[in-house]
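Peer 1:
There are 2 protein chains.
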Amino acid sequence: MTKEGGRDISATSPANALPMKDLTPSEEIRSRLAKFQKKMAEKGLDLVLIIQNVDLFYFSGTLQKGYLFIPAEGDACLFVQKNYERAIHETPLKCVRLESFKELPALVQDHQFNGNRVGMELDVIPVSLFYRIKTLFKNWEILDVSSEIKEVRSIKSDFEIEQIHMSGRIVDEVFSQARQYIREGVTELAVDGILTSIGRSHGHQGFLRMRGLNQEMMNIHVLSGESGSTHSFCDTPLSGSGLSSAIAQGSSRRRILRDQPIVIDYGGGYNGYVTDETRTFVIGRLRDPLLRAYEVALDITGEMESSVRPGDSPMHIYERALEKAGKAGFGENFMGHGEGKVAFVGHGLGLEINEWPILGRGYRKPLQAGNVFAFEPKFIFPGEGAVGIELDYVVKENGVERITSFPTELIVL
Amino acid sequence: MTKEGGRDISATSPANALPMKDLTPSEEIRSRLAKFQKKMAEKGLDLVLIIQNVDLFYFSGTLQKGYLFIPAEGDACLFVQKNYERAIHETPLKCVRLESFKELPALVQDHQFNGNRVGMELDVIPVSLFYRIKTLFKNWEILDVSSEIKEVRSIKSDFEIEQIHMSGRIVDEVFSQARQYIREGVTELAVDGILTSIGRSHGHQGFLRMRGLNQEMMNIHVLSGESGSTHSFCDTPLSGSGLSSAIAQGSSRRRILRDQPIVIDYGGGYNGYVTDETRTFVIGRLRDPLLRAYEVALDITGEMESSVRPGDSPMHIYERALEKAGKAGFGENFMGHGEGKVAFVGHGLGLEINEWPILGRGYRKPLQAGNVFAFEPKFIFPGEGAVGIELDYVVKENGVERITSFPTELIVL
Chain A
46 MTKEGGRDIS
56 ATSPANALPM
66 KDLTPSEEIR
76 SRLAKFQKKM
86 AEKGLDLVLI
96 IQNVDLFYFS
106 GTLQKGYLFI
116 PAEGDACLFV
126 QKNYERAIHE
136 TPLKCVRLES
146 FKELPALVQD
156 HQFNGNRVGM
166 ELDVIPVSLF
176 YRIKTLFKNW
186 EILDVSSEIK
196 EVRSIKSDFE
206 IEQIHMSGRI
216 VDEVFSQARQ
226 YIREGVTELA
236 VDGILTSIGR
246 SHGHQGFLRM
256 RGLNQEMMNI
266 HVLSGESGST
276 HSFCDTPLSG
286 SGLSSAIAQG
296 SSRRRILRDQ
306 PIVIDYGGGY
316 NGYVTDETRT
326 FVIGRLRDPL
336 LRAYEVALDI
346 TGEMESSVRP
356 GDSPMHIYER
366 ALEKAGKAGF
376 GENFMGHGEG
386 KVAFVGHGLG
396 LEINEWPILG
406 RGYRKPLQAG
416 NVFAFEPKFI
426 FPGEGAVGIE
436 LDYVVKENGV
446 ERITSFPTEL
456 IVL
Chain B
46 MTKEGGRDIS
56 ATSPANALPM
66 KDLTPSEEIR
76 SRLAKFQKKM
86 AEKGLDLVLI
96 IQNVDLFYFS
106 GTLQKGYLFI
116 PAEGDACLFV
126 QKNYERAIHE
136 TPLKCVRLES
146 FKELPALVQD
156 HQFNGNRVGM
166 ELDVIPVSLF
176 YRIKTLFKNW
186 EILDVSSEIK
196 EVRSIKSDFE
206 IEQIHMSGRI
216 VDEVFSQARQ
226 YIREGVTELA
236 VDGILTSIGR
246 SHGHQGFLRM
256 RGLNQEMMNI
266 HVLSGESGST
276 HSFCDTPLSG
286 SGLSSAIAQG
296 SSRRRILRDQ
306 PIVIDYGGGY
316 NGYVTDETRT
326 FVIGRLRDPL
336 LRAYEVALDI
346 TGEMESSVRP
356 GDSPMHIYER
366 ALEKAGKAGF
376 GENFMGHGEG
386 KVAFVGHGLG
396 LEINEWPILG
406 RGYRKPLQAG
416 NVFAFEPKFI
426 FPGEGAVGIE
436 LDYVVKENGV
446 ERITSFPTEL
456 IVL
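This is the structure:
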């Protein structure tokens with residue numbers, strides 16, 4: 046029923062199983078766990094219980110309905126409700142079948158996961174599940190461990206950076222093909238559908254993940270003219286109207302017109318890893334002040350690229366961008382307008398689209414080598430639309446390096 | 046800053062605002078609230094605080110970052126953090142701007158939302174948000190009100206059924222076009238991409254919602270041959286391998302072959318409302334026992350269609366299907382195989398894909414007119430694939446009525 050260390054190659058592979066090469070390497074999983082256990086020790090935790098699917102995948106290499114127990118020292122164990130057969134094929138960790146949630150206390154005792162200071166992902170675990178767990182484990186003192194998880198996840202390994210590059214290749218492919226489909230009179234929605242399909246056929250995983258209640262992220266936004274200046278509930282500089290008040294973001298039935306900015310924000314997704322870039326297109330001619338604002342977006346990006354180093358404050362990077370936008374006379378338009386304004390210019394990327402670091406107000410923890418982020422200076426002009434760019438970077442010892450290769454210029458059709 | 050009753054037509058419409066005709070009618074919102082307030086009274090609640098985006102949209106007609114307070118008697122009020130401008134265009138309810146979460150207690154007092162028995166959506170609200178709320182409202186006794194919400198939402202109004210029919214038209218369109226793209230040697234992924242694009246260009250909202258932590262639902266699964274018998278963490282009879290262990294469901298790079306079943310599960314989405322249907326295709330010839338199993342799936346569907354009435358037990362409908370599958374000799378294959386088996390044959394549909402009623406083990410609350418559900422008898426043959434059908438129904442006073450019109454026969458190409 047169980048196994049110790051190493052994937053169970055002898056186990057019957059599930060039908061249509063994924064090839065081993067696509068799986069997270071064993072040493073990668075062990076390194077993630079070791080880093081996390083160090084943070085657990087600093088916080089004085091005896092045990093951590095991981096339930097959220099993305100964290101569970103990050104620490105085990107498999108995405109199952111299950112409960113991952115990580116002790117302060119020693120081996121983690123995955124109690125799997127569904128699907129055990131796939132779990133043992135995908136994770137190097139010990140797996141134990143779990144028929145019912147109620148068996149957990151006995152299993153935890155069997156595995157000598159002792160101690161009562163227990164960490165959980167309290168930023169995402171719903172209250173009723175939390176109560177059920179407290180009923181099973183009456184002596185647990187439960188602490189939030191979501192910051193420690195986010196910190197470990199914010200430093201990407203070489204394996205992760207490879208996956209992010211693969212994700213970026215989908216973005217390059219989609220932007221390379223976009224110009225063929227952007228035509229006067231075509232709806233945003235039609236372009237959205239075609240580009241989504243192209244991304245998918247090039248291996249896009251299907252959807253993007255965003256951490257937290259009510260966080261929804263579409264794979265693509267195609268926003269032309271004033272769609273670019275329509276804001277929403279989303280904590281993003283652009284969002285569009287979407288097709289209805291029920292979705293409230295994304296491409297609409299608006300037809301693309303000449304001489305109006307067309308902003309395409311597209312997120313790649315490969316083996317869980319998300320990329321997120323934006324380009325601005327125009328059929329005909331982009332006029333000032335929008336054309337000038339696009340140049341300022343490129344300037345801001347260029348300055349960031351040439352100056353940012355590990356140790357820099359993410360908030361300071363944001364403030365420098367804000368200052369540059371203000372000096373160019375576009376302070377009011379930068380990163381939204383009026384109620385739509387957001388207080389950041391970039392965000393971390395990984396298995397979720399809202400990872401750390403956030404390059405924005407209040408985020409002071411210094412950048413570190415291995416951080417991956419999207420940088421997105423954008424300008425919104427009410428009633429006219431938006432212009433801007435978004436590029437993804439990995440932080441290296443001596444600066445930042447782009448993930449994708451598609452050019453950054455305004456694309457004139 | 047605020048308004049009483051009726052949408053604020055005088056307010057400046059946000060750029061690219063949606064036309065009024067697509068918004069949830071005022072009388073619809075008032076009727077939903079009145080039904081819910083009746084349930085609140087039964088439970089002895091003074092107040093309910095709604096935060097989850099789908100519930101907030103259901104009860105207000107607008108999807109915002111905000112807090113909807115529903116008193117036991119009198120008018121509900123939406124405190125809007127972002128986006129106020131869109132909120133007042135979309136909801137008939139009173140809206141109040143909220144700069145910061147911490148202002149809530151003062152605003153609640155201003156609006157005389159008294160009493161301390163307060164309902165919240167504890168099935169989805171994360172623990173850390175819950176703690177923040179408890180810190181602001183120290184005297185609140187907080188009870189879970191998710192069952193009451195699900196009950197009200199499980200009975201669809203005429204307006205909702207119209208939206209669901211519009212959603213079903215996207216499903217009809219996608220299935221009508223599917224046969225053109227299913228070819229020997231084409232990958233599941235390529236068919237997935239094209240059909241997703243067709244759905245989107247016909248007004249698909251972009252993604253489907255599923256309630257709860259870790260619940261992820263793709264718009265489409267194209268599963269050929271043994272992909273149909275690959276199970277996963279998903280609580281669904283079929284899931285496929287997906288492109289990687291990070292997603293673990295959905296279409297794969299497998300090429301479609303002759304004489305193998307191809308199962309396409311596609312979900313429509315219109316104005317928030319989800320539909321969910323499945324058809325089986327084959328290039329060449331489907332052999333027994335799979336062909337025979339498909340006929341049994343149609344038999345089970347036919348019996349359900351002709352017999353089900355309001356008042357029936359959802360569990361009983363499931364047991365009858367199970368019995369019929371067993372008598373035909375396909376008990377082991379019905380609704381999954383081995384670890385992949387699920388204990389239901391249908392599920393409610395609405396703004397989320399896992400609404401009430403669930404036609405499965407343990408669900409005894411009688412069907413009511415206005416329930417909408419997907420019915421999906423499916424058979425899984427390990428290593429060979431899956432066959433089956435899924436159709437959507439609305440429960441009427443005298444029986445059930447289909448939502449879509451695309452034929453139910455096995456599609457031979």
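In order, the protein sequences belong to chains A and B.
Anchor point for the first sequence: position 122 equals 167 in the numbering used here, and the numbering is continuous, going up by one each time.
Anchor point for the second sequence: position 131 equals 176 in the numbering used here, and the numbering is continuous, going up by one each time.
For each residue, glycine too, the CB sits at the ideal point set by N, CA and C.
1. Identify every run of the beta strand (DSSP E) within the region 346–428 of chain B, keeping only runs that are complete inside it and at least 3 residues long; order them along the chain.
2. Mind checking V457 (chain A): buried by the 16 CB within 10 Å criterion, or exposed?
3. With distances taken between CB atoms, is the gap from Q208 (chain B) to N316 (chain B) smaller than 8 Å?
4. Quick one: list the residues of chain D neighbouring I133 (chain B), beta-carbon separation under 7 Å, in chain order.
5. Relative to the ligand MN, is the shortest distance from any of its heavy atoms to the C-beta of A151 (chain B) smaller than 7 Å?
6. Could you please give me the residues that DSSP links to T323 (chain B) through a beta bridge?
7. Residues in the region 161–172 of chain A with C-beta within 7 Å of chain B's C-beta atoms, listed in sequence order?
8. Looking at chain B, is there any beta carbon in it that lies within less than 8 Å of the beta carbon of S290 (chain A)?
9. Counting only the same chain and skipping the five closest in sequence on each side, list residues whose C-beta sits under 8 Å from that of A152 (chain A).
10. How long is the line joining the alpha carbons of G251 (chain B) and R303 (chain A), rounded to whole angstroms?
11. Can you pull the chain B residues whose beta carbon is under 7 Å from the beta carbon of D235 (chain A), in chain order?
12. Counting Cβ pairs closer than 8 Å, one from the region 216–229 of chain A and one from the region 277–295 of chain A, do we hit at least three?
13. Express the C-alpha separation of P70 (chain A) and P59 (chain B) in angstroms, rounding to a whole number.
14. List, in order along the chain, the chain B residues whose C-beta lies closer than 7 Å to that of Y129 (chain A)?
15. Would you give the residue range spanned by the alpha helix (DSSP H) that V172 (chain B) belongs to?
16. Which value, in whole angstroms, describes the spacing of the CA atoms of S274 (chain B) and E454 (chain B)?
17. Note down the Cα distance separating A419 (chain A) from E435 (chain A), rounded to an integer number of angstroms.
18. Where do the ends of the alpha helix (DSSP H) carrying V134 (chain B) lie?
19. Going by DSSP in three states, R162 (chain A) sits in which element: helix, strand or coil?
20. Tell me the rounded alpha-carbon separation between V99 (chain B) and L396 (chain B).
21. Just how far apart, CA to CA, sit E218 (chain B) and F326 (chain B)?
22. For the region 371–385 of chain A against the region 293–313 of chain A, do three or more pairs of beta-carbon atoms, one drawn from each stretch, fall closer than 8 Å, so that the two count as touching?
23. Skipping 5 residues on each side, what residues in its chain have a beta carbon closer than 6 Å to that of S286 (chain A)?
24. Any beta carbon of chain A sitting closer than 8 Å to that of L68 (chain B)?
25. With distances taken between CB atoms, is the gap from H392 (chain B) to I425 (chain B) smaller than 8 Å?
26. Can you list the residues of chain B that D203 (chain A) reaches, using a CB-CB cut of under 8 Å?
27. At least one CB of chain A closer than 8 Å to the CB of I398 (chain B): is that the case?
28. Strictly under 8 Å for the Cβ-Cβ distance: is N316 (chain A) near chain B by that measure?
29. Do D91 (chain A) and A117 (chain A) come within 8 Å of each other at the CB atom, strictly closer than that value?
30. Roughly how many angstroms lie between the CA atoms of G51 (chain B) and T241 (chain A), to the nearest whole one?
31. Does the Cβ of G244 (chain A) have 16 or more other Cβ atoms within 10 Å, making it buried, or fewer, making it exposed?
32. Could you tell me which uninterrupted alpha helix (DSSP H) segments, each at least 4 residues in length, are contained entirely in the region 72–115 of chain A, listed from first to last along the chain?
33. To be precise: take each residue of the region 319–338 of chain B, compare its Cβ to all Cβ atoms of chain A, and keep it if any distance is under 7 Å. Which residues remain?
34. So, with DSSP's three-state summary, where would you put K195 (chain B)?
35. May I ask you to list, following chain order, the residues of the region 275–303 of chain B that have a beta carbon less than 7 Å from some beta carbon of chain A?
36. Nearest CA to the CA of G119 (chain A): which residue from A:Y103, A:K139, A:F102?
Peer 2: The answer reads as follows:
1. 389–393, 400–405, 417–420, 423–426
2. Stepping through the first sequence from its first residue, residue 457 (chain A) is reached at position 412. With fewer than 16 Cβ atoms within 10 Å of its Cβ, V457 (chain A) is classed as exposed.
3. On the second sequence, position 163 is the one that residue 208 (chain B) refers to. On the second sequence, position 271 is the one that residue 316 (chain B) refers to. Cβ atoms of Q208 (chain B) and N316 (chain B): closer than 8 Å.
4. In summary, chain D is missing from the structure at hand, where the protein chains are A and B.
5. Among the components of this structure there are no ligands whatsoever, and the ligand MN is therefore not found.
6. As a position in the second sequence, residue 323 (chain B) is number 278, starting the count at 1. Paired residue(s): B:D310, B:E435.
7. L167, D168, V169, I170, P171, V172
8. Locating residue 290 (chain A) in the first sequence gives position 245, where the first residue counts as 1. It does; some Cβ of chain B falls within 8 Å.
9. Position 107 of the first sequence, counting from 1, holds the residue named residue 152 (chain A). Here the sequence assigns Leu to residue 152 (chain A), which means Ala is not the residue at that position. Within the same chain, L152 (chain A) has close Cβ partners F124, V141, L143.
10. Here residue 251 (chain B) corresponds to residue number 206 of the second sequence, with the count starting at 1. Here residue 303 (chain A) corresponds to residue number 258 of the first sequence, with the count starting at 1. Distance between the alpha carbons of G251 (chain B) and R303 (chain A) is about 26 Å.
11. On the first sequence, residue 235 (chain A) is found 190 positions in, with the first residue counted as 1. It should be pointed out that residue 235 (chain A) corresponds to Ala in this sequence rather than to Asp. Within chain B, the residues near A235 (chain A) are S246.
12. no
13. The residue given as residue 59 (chain B) occupies position 14 in the second sequence. The residue given as residue 70 (chain A) occupies position 25 in the first sequence. Note that P59 (chain B) scores 49 on pLDDT, short of 50, meaning its location in the model is unreliable and no value can be drawn from it.
14. One-based indexing of the first sequence puts residue 129 (chain A) at position 84. Going along chain B in sequence order, the residues near Y129 (chain A) (Cβ under 7 Å) are E384.
15. For the purposes of this step, residue 172 (chain B) is taken as the residue at position 127 of the second sequence. Where V172 (chain B) is concerned, the enclosing alpha helix (DSSP H) stretches over 172–181.
16. Locating residue 274 (chain B) in the second sequence gives position 229, counting from the first residue. Locating residue 454 (chain B) in the second sequence gives position 409, counting from the first residue. So the two alpha carbons sit approximately 21 Å from each other.
17. Position 374 of the first sequence, counted from the start, is the residue given in the question as residue 419 (chain A). Position 390 of the first sequence, counted from the start, is the residue given in the question as residue 435 (chain A). Straight-line measurement puts the Cα of E435 (chain A) at about 6 Å from the Cα of A419 (chain A).
18. Mapped onto the second sequence, residue 134 (chain B) falls at position 89. Reading the sequence as shown, one finds His at residue 134 (chain B) and not Val. Unbroken alpha helix (DSSP H) run through H134 (chain B): 129–135.
19. As a working mapping, residue 162 (chain A) is identified with position 117 in the first sequence. Note: R162 (chain A) maps to strand in three-state DSSP.
20. As a first step, residue 99 (chain B) is located in the second sequence; it is residue number 54 there, counting from the start. As a first step, residue 396 (chain B) is located in the second sequence; it is residue number 351 there, counting from the start. Cα to Cα, the separation comes out at about 7 Å.
21. Counted from its first residue, the second sequence places residue 218 (chain B) at position 173. Counted from its first residue, the second sequence places residue 326 (chain B) at position 281. If you draw a straight line from the Cα of E218 (chain B) to the Cα of F326 (chain B), it is about 16 Å long.
22. The region 371–385 of chain A, when compared against the region 293–313 of chain A, does not touch it at the 8 Å Cβ threshold.
23. Taking the first sequence and counting its residues from 1, the one referred to as residue 286 (chain A) is at position 241. Excluding positions up to five away in sequence, the list reads T275, S297.
24. Along the second sequence, read from residue 1 onward, the residue named residue 68 (chain B) stands at position 23. Output row for L68 (chain B): interface = yes.
25. Taking the first residue of the second sequence as 1, we reach residue 392 (chain B) at position 347. Taking the first residue of the second sequence as 1, we reach residue 425 (chain B) at position 380. No, these two residues do not count as a Cβ contact at 8 Å.
26. Here residue 203 (chain A) is taken as the residue at index 158 of the first sequence, counted from 1. Near D203 (chain A) there are no residues of chain B at all, since even the closest Cβ is about 17 Å away, more than 8 Å.
27. Position 353 of the second sequence, counting from 1, holds the residue named residue 398 (chain B). So, not an interface residue.
28. Position 271 of the first sequence, counting from 1, holds the residue named residue 316 (chain A). Taking 8 Å as the threshold, the shortest C-beta distance from N316 (chain A) to chain B falls below it.
29. Residue mapping note: residue 117 (chain A) aligns to position 72 of the first sequence, counting from 1. Residue mapping note: residue 91 (chain A) aligns to position 46 of the first sequence, counting from 1. In this structure, D91 (chain A) lies closer than 8 Å to A117 (chain A) by Cβ.
30. Position 6 of the second sequence, counted from the start, is the residue given in the question as residue 51 (chain B). Position 196 of the first sequence, counted from the start, is the residue given in the question as residue 241 (chain A). Low per-residue confidence applies at G51 (chain B): pLDDT is 46, beneath 50, and the placement is therefore not dependable, though the value from the model is reported in the following sentence. Rounded to whole angstroms, G51 (chain B) to T241 (chain A) spans 38 Å at the Cα level.
31. In the first sequence, residue 244 (chain A) corresponds to position 199, counting from 1. Burial call: buried.
32. 98–105
33. none
34. Position 150 of the second sequence, counted from the start, is the residue given in the question as residue 195 (chain B). DSSP, reduced to helix, strand and coil, places K195 (chain B) within a helical segment of the structure shown.
35. T275, H276, S277, F278, S286, L288, S289, S290, A291, I292, A293, G295, S297, R299
36. Numbered from its first residue, the first sequence carries residue 119 (chain A) at position 74. Of the candidates A:Y103, A:K139, A:F102, the one whose C-alpha sits nearest the C-alpha of G119 (chain A) is A:K139.
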